[in-house]
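A.B. asks: Please see the structure below; I have some questions.
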Amino acid sequence: LFGIPGIGRELVHAVKVVDLPVVVGMVLVTGFFVVLANALADVLYALADRRVVLS
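Structure (structure tokens):
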């Protein structure tokens, strides 16, 4: 997410000028991608190792 040009710089700038809606939005989007990546990793791990059962 922060590899997109300007996203990290925009977050740092928003924190410096206390632009709370931008900071909250960035944290929400980042958190969403972290949860999505963890869920995807769990599913892929279950597919790769048949001993693991998704419940």
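Just so you know, the sequence shown maps onto residues 133 to 187 in this note's numbering. Glycine is no exception: its CB is placed at the ideal position from the N, C-alpha and C atoms.
1. Alpha carbon to alpha carbon, how far is arginine 141 from glycine 157?
2. Put arginine 183 into one of helix, strand or coil per three-state DSSP.
3. Going along the chain, which unbroken runs of the alpha helix (DSSP H) with 4 or more residues stay wholly within the region 142-180?
4. In angstroms with no decimal places, state the Cα-to-Cα distance between proline 137 and valine 184.
5. Under a Cβ-count criterion, where at least 16 other Cβ atoms within 10 Å of its own Cβ denotes burial, should leucine 143 be classed as buried or exposed?
C.D. replies: According to the structure data:
1. Those two C-alpha atoms are separated by around 14 Å.
2. Here arginine 183 sits in coil by DSSP.
3. For the region 142-180, the full-length alpha helix (DSSP H) segments reaching 4 residues or more read 152-180 along the chain.
4. The C-alpha of valine 184 is placed about 39 Å away from the C-alpha of proline 137.
5. Burial check for leucine 143: the Cβ neighbour count within 10 Å reaches 16 or more, so the residue is buried.
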